[in-house]
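Student:
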Amino acid sequence: MSTRPAGHDPYAALRLSDFRRLLFGAMLATIAAEMQNVALGWELYERTGQPLALGLVGLAIVAPVLFLALPAGHLADRYPRKRIILATQLALVVSSTLLATITGFRWPVWAVYATLLITGSALAIALPSRTAILPQLVPPEVLANAVAWRTSSWQLAAVLGPAVGGFGVALARGSTPVFIAGAVINIIVFTTLLGIRPRVSAVSRSPITRASLLAGVRFVAAHDLILAAITLDMFAVLFGGATFLLPVYAKDILEIGPTGLGWLRAAPSLGATTTAFF
Numbered sequence: 027m028s029t030r031p032a033g034h035d036p037y038a039a040l041r042l043s044d045f046r047r048l049l050f051g052a053m054l055a056t057i058a059a060e061m062q063n064v065a066l067g068w069e070l071y072e073r074t075g076q077p078l079a080l081g082l083v084g085l086a087i088v089a090p091v092l093f094l095a096l097p098a099g100h101l102a103d104r105y106p107r108k109r110i111i112l113a114t115q116l117a118l119v120v121s122s123t124l125l126a127t128i129t130g131f132r133w134p135v136w137a138v139y140a141t142l143l144i145t146g147s148a149l150a151i152a153l154p155s156r157t158a159i160l161p162q163l164v165p166p167e168v169l170a171n172a173v174a175w176r177t178s179s180w181q182l183a184a185v186l187g188p189a190v191g192g193f194g195v196a197l198a199r200g201s202t203p204v205f206i207a208g209a210v211i212n213i214i215v216f217t218t219l220l221g222i223r224p225r226v227s228a229v230s231r232s233p234i235t236r237a238s239l240l241a242g243v244r245f246v247a248a249h250d251l252i253l254a255a256i257t258l259d260m261f262a263v264l265f266g267g268a269t270f271l272l273p274v275y276a277k278d279i280l281e282i283g284p285t286g287l288g289w290l291r292a293a294p295s296l297g298a299t300t301t302a303f304f
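Shown next, in the form of structure tokens:
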């Protein structure tokens with residue numbers, strides 16, 4: 027006997043065109059990011075041979091988050107979220123193009139890190155808006171279904187992206203074509219998201235103060251369940267950053283090349299997807 031609740035529609039969110047656009051755009055953006063992560067790791071380790079060069083990739087991407095996370099939340103409350111998402115998506119197009127140029131013309135390694143600061147800043151500013159725009163695209167009764175589809179699609183994209191990126195580096199014998207493909211995909215994401223029509227939501231007009239900036243911190247600290255979940259996730263992300271060192275294993279220890287590196291990067295999400303099916 028089926029245990030599905032009466033009237034439950036597992037495809038409810040997918041019947042909404044705005045959500046389909048957001049979902050498709052998010053999947054493509056993740057694929058592009060993961061492709062480029064593999065290509066970037068391989069490129070830097072090939073050029074420097076230094077594990078520290080790989081660790082600095084994570085630092086260059088995460089550092090903007092530390093400074094921009096709270097202001098980005100205020101931007102999402104005060105300005106149209108679609109506009110913020112589109113602006114940051116254009117920044118990702120620029121960063122992908124710069125990485126293709128840097129690797130293609132063999133510019134110095136410091137230029138890679140400077141470009142990654144652009145990438146990290148764009149991602150930090152976009153994250154609150156990307157998360158908060160979902161309730162503006164689907165009705166409340168469909169929100170849980172939309173979150174389920176969005177999470178599952180992210181895991182699938184996180185499997186496909188590294189595998190495609192590693193195969194692309196091996197096939198082209200270089201990372202530049204992967205960055206060019208990333209720029210093209212990010213342009214497609216931009217055009218896809220242009221068509222979404224979020225419902226108008228209330229916009230905060232209160233001035234930005236230190237108290238308002240720290241309001242979210244106080245809320246999390248006052249709710250033990252949320253604090254525990256966020257703390258656990260923080261440590262998972264912190265120690266999960268060790269995956270930036272996988273090019274060392276792929277090249278020097280396992281000797282499996284860029285294609286193998288792609289599968290190593292894809293393995294955690296592949297495991298998560300498999301577990302989700304069970």
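If you're matching positions, the sequence shown starts at 27 in my numbering and goes up one per residue.
We put the CB at the ideal spot given by N, CA and C, even for glycine.
Excluding the 5 residues preceding and the 5 following Val91 in the sequence, name in chain order all residues of the same chain whose CB lies nearer than 6 Å to its CB.
Tutor: Excluding sequence neighbours, Val91 sits near Ala150.
Student: Helix, strand or coil: how does DSSP classify Glu281 here?
Tutor: Looking at Glu281 - three-state DSSP - the assignment turns out to be coil, as it is neither helix nor strand.
Student: Enumerated in chain order, which unbroken segments of the alpha helix (DSSP H) with a length of 4 residues or greater are wholly contained in the region 43 to 76?
Tutor: Segments of the alpha helix (DSSP H) lying fully in the region 43 to 76: 43 to 74.
Student: Thinking C-alpha only, which one of Val274, Pro284, Gly242, Ala276 is nearest Arg199?
Tutor: Considering only alpha carbons, the answer is Pro284.
Student: Taking only runs that begin and end inside the region 150 to 236, name each unbroken alpha helix (DSSP H) of 4 or more residues, in chain order.
Tutor: Runs of the alpha helix (DSSP H) inside the region 150 to 236: 169 to 198, 202 to 220.
Student: With burial defined as no fewer than 16 other Cβ atoms inside 10 Å of the residue's Cβ, what is the status of Ala366: buried or exposed?
Tutor: It is not possible to answer for residue 366, since the shown part of the chain is limited to 27 through 304.
Student: Using a Cβ-Cβ cut-off of 7 Å (strictly less than) and excluding sequence neighbours within five positions of Ala98, which residues of its own chain qualify?
Tutor: Here the set comprises Ala150, Ile151, Leu153, Pro154.
Student: Can you tell me whether Ala58 is buried or exposed, with buried defined as 16 or more other CB within 10 angstroms of its CB?
Tutor: The residue in question, Ala58, is buried, as its Cβ has 16 or more Cβ neighbours within 10 Å.
Student: If distances are taken between C-alpha atoms only, which option among Leu272, Leu143, Leu96, Phe304 comes closest to Arg244?
Tutor: Selected option, being the one with the closest Cα: Leu96.
Student: For a quick check, are the C-beta atoms of Ile305 and Leu48 less than 8 Å apart?
Tutor: Outside the shown range of the chain, which is 27 to 304, sits residue 305, and nothing can be said about it.
Student: Between the region 171 to 186 and the region 115 to 134, can you find at least three pairs of beta-carbon atoms closer than 8 Å?
Tutor: No, the region 115 to 134 is not in contact with the region 171 to 186.
Student: So, helix, strand or coil for Phe261, using DSSP?
Tutor: Here Phe261 sits in helix by DSSP.
Student: Taking buried to mean at least 16 other C-beta atoms within 10 Å of its own C-beta, is Ala102 buried or exposed?
Tutor: The residue in question, Ala102, is buried, as its Cβ has 16 or more Cβ neighbours within 10 Å.
Student: Could you name the residues of the same chain whose beta carbon sits closer than 8 Å to that of Val204, not counting the 5 residues immediately before and after it, in chain order?
Tutor: Within the same chain, Val204 has close Cβ partners Met61, Gln62, Val64, Ala65, Gly191, Gly194, Val195, Ala198.
Student: Just how far apart, CA to CA, sit Lys108 and Glu281?
Tutor: Straight-line Cα distance between these residues: approximately 44 Å.
Student: By DSSP, does Trp133 sit in helix, in strand, or in coil?
Tutor: Three-state result, Trp133: coil.
Student: For Pro273, tell me which candidate among Phe265, Leu264, Gly288 has the shortest Cα-Cα distance.
Tutor: For the residues Phe265, Leu264, Gly288, the minimum Cα distance to Pro273 belongs to Gly288.
Student: With a Cβ-Cβ cutoff of 8 Å, do Ala52 and Ser147 count as a contact?
Tutor: Contact flag unset, no.
Student: Where does the unbroken alpha helix (DSSP H) through Phe245 begin, and where does it stop?
Tutor: Its alpha helix (DSSP H) spans residues 241 to 248.
Student: To which residues of the same chain is Ala292 closer than 6 Å at the C-beta, ignoring the five residues directly before and after it?
Tutor: Closer than 6 Å at the Cβ level, and outside the excluded window around Ala292, lie Val185, Pro188, Ala189.
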